[in-house]
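A quick write-up on the structure given underneath.
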Amino acid sequence: MFENLSERLERSFKILKGEGKITEINVAETLKDVRRALLDADVNYKVAKQFTDSVKQKAMGMNVLTAIKPSQLMVKIVHDELTELMGGKAVELKLENRPAIILMSGLQGSGKTTFSGKLANMLKTHHHKKPLLVACDVYRPAAIEQLKVVGQTVGVDVYSEDGNKNVVEIAENAIRKAKQESYTVVIIDTAGRLAVDEEMMDEISRLKQAVNPDETLFVVDSMTGQDAVNTAKEFNDRLDFDGVVLTKLDGDTRGGAALSIRTVVTKPIKFVGTGEKMEAIDVFHPARMADRILGMGDVVSLVERAQQQFDEKQARELEKKIRKNKFDF
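With positions in the sequence shown counted from 1, the corresponding number in this note's numbering is that position plus 1044.
Written out as structure tokens, the structure is:
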């Protein structure tokens, strides 16, 4: 993930290695390389220019302390700016209503159905919610079946109506069922659509108006790079969604979508998909992502993931055996 960008940025900072102080000349040279690295990573050119201008302004206004080198200071400034570029801080889902309603939107093949299952699994496992998945993709063959398989995998109920093509009706009936049976979150999986498809965009607009969701999420395949950003902008103009979900981020070595999307659509990235498994979903933390891009690793996420995977009960049982000096298979 972000492999190419990380390598290029590391090379850029080497320009400042051995320099005694930050000057306009060596900063300009470093930032020319940084901008080139961002453009190669498929970052929007306006975003790249704005970013390097901001870094230059901050770098020139700073005195280099004797304890740190100019290259270290530049890494710090770039880290802070990358964090700001991607939104500054993590933004949580607003799930105030009962049931809370989450509406999924996006292009075909962006991973909406799989992500719906991952989100349901996360809300059930870590937030003790009772989710209901709703099959509102009535066009793609086997889409309803796929959602049922996903629901079965994570142990979450799926609501569907065979033969009914009216998505507003399906969603309203599902919400009624959720209220009657004490489900706390309703996740509506919709069909993939193009922003230029007037009929389909009109359908999801009507659906949003009818169910009045707490959260409308736009799911986008990060591997499509700059195109993902343009699509997000078109959808946002029509749908005014609340947040972005970047799927397949584990396969995106460039990272252009993650870096540009926040600035272009002015909506936060809320989640990232980082693999095929149902547990492969992370809340998007801009500071941690900046750490990864600059090759600092992401120790915090690693520790959190380890804590989730490690069963504390097993650990206590093991401790008892060790204390008794009884350690067998």
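Every residue gets a Cβ at the ideal spot worked out from N, C-alpha and C, and that includes glycine.
Contacts around residue i, its chain only, beta-carbon distance under 7 Å, and the 5 residues preceding and following it disregarded
i	result
Arg1006	As shown, the chain starts at 1045 and ends at 1373. That puts residue 1006 outside it, with no answer to give.
Pro1257	Ile1145, Ile1146 and Leu1147
Val1202	Leu1177, Ala1179, Leu1191, Lys1192 and Gly1195
Val1135	Gly1287, Pro1312 and Lys1314
Phe1095	Leu1082, Glu1125 and Leu1129
Lys1292	Gly1155, Asp1265, Ser1266, Met1267 and Gly1317
Inter-residue spacing [alpha-carbon to alpha-carbon] between residue i and residue j
i	j	result
Val1344	Leu1290	Confidence in Val1344 is poor, its pLDDT being 48 and thus under 50, which makes the residue's placement too unreliable to answer from.
Val1308	Val1273	7 Å
Asn1369	Lys1311	56 Å
Ala1276	Ile1219	27 Å
Ala1111	Ala1359	Because the pLDDT of Ala1111 is 46, which lies under 50, any placement of that residue in the model is unreliable, and the number read from its coordinates should be weighed accordingly. Spanning the two alpha carbons is a distance of roughly 43 Å.
Ile1231	Asp1281	22 Å
Gly1155	Lys1102	39 Å
Leu1137	Glu1363	38 Å
Met1245	Phe1285	13 Å
His1172	Val1200	12 Å
Lys1133	Met1166	20 Å
His1170	Tyr1227	16 Å
Local conformation of residue i per DSSP, three classes
i	result
Met1104	helix
Lys1321	coil
Ala1359	helix
Pro1330	helix
Gly1132	coil
Lys1311	coil
Val1344	Per-residue confidence for Val1344 stands at a pLDDT of 48, beneath the threshold of 50, marking its modelled position as unreliable; the derived number appears in the next sentence. Helix at Val1344.
Ala1085	coil
Val1200	coil
Thr1067	coil
Ala1239	coil
Ala1186	coil
Asp1335	helix
Ala1285	According to the sequence shown, residue 1285 is Phe rather than Ala. Three-state DSSP puts Phe1285 in coil, outside helix and strand.
Leu1117	helix
Thr1110	Only weak support is given to the placement of Thr1110: the predicted model assigns it a pLDDT of 45, under 50, and the question is left unresolved by the model.
Gly1155	coil
Thr1228	coil
Glu1205	coil
Glu1051	helix
Asp1124	helix
Close beta carbons around residue i, own chain, < 8 Å, minus the five adjacent residues each side
i	result
Arg1184	Gln1152, Ala1235 and Gly1236
Thr1157	Asp1181, Ala1187, Gln1190, Leu1191, Val1194 and Asp1233
Tyr1089	Leu1083
Glu1216	Ala1254 and Val1255
Other residues of its chain near residue i: CB distance less than 6 Å, five sequence neighbours each side excluded
i	result
Ile989	There is no way to answer for residue 989, as the model of the chain reaches only from 1045 to 1373.
Lys1162	Met1322 and Ile1325
Gln1123	The sequence shown places His at residue 1123, not Gln. Ala1334 and Leu1338.
Candidates the options: closest to residue i by CA position
i	options	result
Ser1149	Val1255, Ile1313, Lys1277 and Asp1233	Asp1233
Thr1242	Ile1219, Glu1278, Ala1215 and Ser1266	Checking the sequence, you will find Glu at residue 1242 rather than Thr. Comparing Cα positions, the closest option is Glu1278.
Val1099	Phe1285, Thr1074 and Arg1055	Thr1074
Ser1266	Gln1224, Gly1317 and Ile1248	Gly1317
Arg1142	Lys1221, Ser1160, Val1087 and Arg1306	Lys1221
Ala1164	Glu1140, Gly1132, Lys1133 and Thr1197	Thr1197
Ile1248	Leu1283, Lys1133, Tyr1227 and Thr1228	Leu1283
Asn1070	Ala1331, Leu1139, Arg1080 and Met1118	Met1118
Ala1239	Met1104, Asp1206, Asp1271 and Lys1223	Asp1271
Lys1252	Ile1214, Arg1336, Ser1056 and Met1104	Ile1214
Chain B contact for residue i (CB, 8 Å cutoff)
i	result
Ala1334	The question asks about chain B, but that chain is absent: this structure has only one protein chain.
Residue i CB to nearest heavy atom of the ligand ADP below 7 Å
i	result
Gly1131	In terms of ligand content, the structure shown is empty, and the ligand ADP therefore cannot be addressed.
Three-pair Cβ contact test at 8 Å for the stretch 1192-1210 versus the stretch 1259-1266: no
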